[in-house]
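The next block holds one structure in the form of structure tokens; read it before the comments.
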Amino acid sequence: MTARAAGCCVLVTDAGAVPVFDPAPWRDDTPGASGRVHLNNAGAALQPRPVIDAVLGYLAAEAETGGYETADLRAADLAAAYDAVGALVGASGRHIAIVENATVAFAQALSAFDFSPGDVVLTTRNDYISNQLAYLSLAERRGVRVVRADDAPEGGVDPESVRTILHRERPALVAVTWIPTNSGLVQPVEAVGAICAEAGVPYLVDACQAVGQLPIDVGRLRCDFLSATARKFLRGPRGVGFLYVSDAALESGRRPLFIDMRGAEWVDDDAYRLRPDARRFENWEFASALVVGLGAAAAYARRVGVDAAGAYAAGLAEYARTRLAALPGVRVLDRGVTRCAIVTAEFPGAPAGDIVTALRRQGINLSASLRENAVLDMRDKGAHTAVRLSPHYYNTRDDIDRAVSALAAYGG
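For the sequence shown, the numbering used here begins at 4 and goes up steadily by one.
What follows is the structure, given as structure tokens:
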């Protein structure tokens, strides 16, 4: 017997009432879900109707009224987007800067540090490719030393390695990707945050794949900065992301290298005054329609319930790993004590990119992870390409079964 509420139901068993996530209402609210199997949520999720309506409605208003005029008329809606994003990560709207994407957010945070030759950036072997490239650019241009903490035997950064290196090197910054793009690994960012806070070292978290998939509380993470995007598990529009900035970072005067009129006031010939809030990390011009879309996505995620929805999606991923592991010659590559709704597997029958293209013709959306996207991790695993499946809470086991059945043709 079950009793249904919006988005979930209660399964009554001999052990008592057990909450069970029901994807049906959220799937019904997703126009794209009826036409294809979309298992590329780690790339760009299908948007729900409230997000689509928010973006299109704002664009229609701009077309009728004008861009700047609409921004003035819809100022309350734009402000509400900051509050919605802040609430999603356990902060207020004043701690949120809205930018073009997660990589811009991450770069803005990096630029708040006046790195000198010999300064250490401590990171992990599983940081996102664009972050790793930024570190290498800093090494080349500013003489920064990039130090990567060791992984634990089961996968993911070892917090004790972070602690050891932190006390030995005294880094200028610790930066960690919570969930790398190329596997289902979930790194222990909270444990790393506690170590950084104890030592008084600034901490930057890339939550690009975590936001909308895992519950986030920046207070528990104890991070100074957190970067994320709208388009992935948050189910917002492409082309917009955000940066969380802590009170400590704001009060210490952290600011981006290049400040524009959005972030500061020009008060005298050779003087400016910073904004008191996180918007000092923004630029003046951005797509306001995407801002309201981001706000709608954040509010929608809270209505669905990130904790329950993420657990359901992670369960679909485990089901996919079991099905894929049973295919001849297929090697599931995901590691870590905690794994999320990203599944990667190596197929002997064809390069991952060719498989993804073939399945897209069948109405099944997957993506490919390439060696150059994660050189260290893919080398450790002895893999060159991998097919990536990333289910979300509007997907079903039938979606997984259909994808795995199509992938079976590429087994050994």
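Just so it is clear, CB atoms sit at the ideal spot from N, CA and C, and this is done for glycine as well.
Compare the C-alpha of D117 against each of G313, W269, F261 and S372 and name the closest. It is F261.
Whole angstroms is fine: what's the gap from L373's alpha carbon to G414's? Going from the Cα of L373 to the Cα of G414 covers about 18 angstroms.
Consult DSSP for E349 and reduce its assignment to one of helix, strand or coil. Three-state result, E349: strand.
Can the beta-carbon of A292 be found closer than 8 angstroms to that of A87? Cβ distance not < 8 angstroms, so A292 and A87 don't count as in contact.
A320 and V359 - do their beta-carbons sit closer together than 8 angstroms? For V359 and A320, no; Cβs fall outside 8 angstroms.
Excluding five sequence neighbours on each side, which residues of the same chain lie with their C-beta closer than 6 angstroms to the C-beta of S133? Within the same chain, T106 come within 6 angstroms of S133 by CB-CB distance, once the 5 residues on both sides are set aside.
E268, DSSP secondary structure in three states: Strand, per DSSP.
Run through the stretch 109–197 for me and flag every whole alpha helix (DSSP H) of 4 or more residues, listed as ranges in chain order. Every unbroken stretch of the alpha helix (DSSP H) spanning 4 or more residues and falling wholly within the stretch 109–197 is given here in chain order: 132–145 and 162–172.
May I have the straight-line CA-CA distance separating L141 from A66, to the nearest angstrom? Between L141 and A66, the C-alpha separation is close to 42 angstroms.
Touching by the beta-carbon criterion (3+ pairs, under 8 angstroms), the stretch 284–291 and the stretch 361–369: No contact exists between the stretch 284–291 and the stretch 361–369.
Using DSSP with H/G/I as helix, E/B as strand and the rest coil, what is T360? Note: T360 maps to helix in three-state DSSP.
Straight-line gap, F289 to R400 (C-alpha atoms, nearest Å): The straight-line gap from Cα to Cα measures roughly 39 angstroms.
Would you say the beta carbon of E72 is closer than 7 angstroms to some non-hydrogen atom of the ligand FMN? As presented, the structure is devoid of all ligands, the ligand FMN included, so that no description of it is given.
Sort N398, P394 and V390 by Cα distance to L423 and report the nearest one. Absent from the structure is residue 423, since the part of the chain shown begins at 4 and ends at 415.
Measure the alpha-carbon distance for I219 versus D272 and round it to whole angstroms. Each residue's alpha carbon lies about 43 angstroms from the other.
Leaving aside the five residues before and after H395 along the sequence, list all residues of the same chain whose C-beta is less than 7 angstroms from its C-beta, in chain order. For H395, where only same-chain residues beyond five positions count, the Cβ hits under 7 angstroms are N44, A48, F236, A316 and A344.
Classify I262 as helix, strand or coil using the three-state DSSP reduction. Collapsing the DSSP output to three states places I262 in coil.
Just to check my reading of the structure: A82 and G96 have Cβ atoms closer than 8 angstroms, yes? What is that Cβ distance to the nearest angstrom? The beta-carbon distance between A82 and G96, rounded to whole angstroms, is 7 angstroms. This is short enough to meet the 8 angstroms contact definition.
Got a sec, what are the start and stop residues for the alpha helix (DSSP H) L373 sits in? Segment S370 to L373 is the beta strand (DSSP E) holding L373; no alpha helix (DSSP H) there.
Count the other CB atoms within 10 Å of the CB of D380; is the residue buried (16 or more) or exposed (fewer)? Around the beta carbon of D380, 16 or more other beta carbons lie within 10 angstroms, which makes this residue buried.
Rounding to the nearest angstrom, what Cα-Cα distance links R145 and S119 in this structure? Distance between R145 and S119, taken at the CA atoms: about 6 angstroms.
In three-state terms, what does DSSP make of H395? The answer is coil: DSSP assigns H395 none of H, G, I, E or B.
By the three-class DSSP mapping on this structure, what secondary structure does G366 have? DSSP places G366 in coil when its eight states are reduced to three.
Boundaries of the alpha helix (DSSP H) in which T33 is found, first to last residue: Note, T33: premise wrong, no alpha helix (DSSP H); not H, not E.
Note down the Cα distance separating R166 from E157, rounded to an integer number of angstroms. One C-alpha to the other measures close to 18 angstroms.
Cross-strand partners of R334 (DSSP beta bridge): Bridge partners of R334: E349.
Quick check: what's the CA-CA separation for A20 versus A311? Summary for A20: the model assigns pLDDT 44, below 50, so the residue's position carries little reliability; its value from the coordinates is reported in the next sentence. The straight-line gap from Cα to Cα measures roughly 15 angstroms.
Per DSSP, H41 is paired with what? DSSP lists N368 as partners of H41.
Could you name each continuous beta strand (DSSP E) segment of 3 residues or more that falls completely within the stretch 253–329, going from the start of the chain to the end? If we require 3 residues or more, the beta strand (DSSP E) runs fully inside the stretch 253–329 come out as 267–271 and 274–277.
Counting only the same chain and skipping the five closest in sequence on each side, list residues whose C-beta sits under 7 angstroms from that of P162. Excluding sequence neighbours, P162 sits near P191, A194, V195 and I198.
Just to confirm my understanding: we take D227, look at its own chain, exclude 5 residues before and 5 after, and list those with CB closer than 7 angstroms. What are they? If we look at D227 and ignore the five residues flanking it on each side, its Cβ neighbours are P205, Y206, L207, S249, A251 and A252.
Extent of the continuous beta strand (DSSP E) to which I101 belongs: I99 to V102 is the span of the beta strand (DSSP E), which, as asked, contains I101.
Kindly indicate which residue of A100, V378 and A412 has the alpha-carbon position closest to the one of P259. From the listed residues A100, V378 and A412, the smallest Cα separation to P259 is found for A100.
CA-CA distance, D31 and G38? Those two C-alpha atoms are separated by around 12 angstroms.
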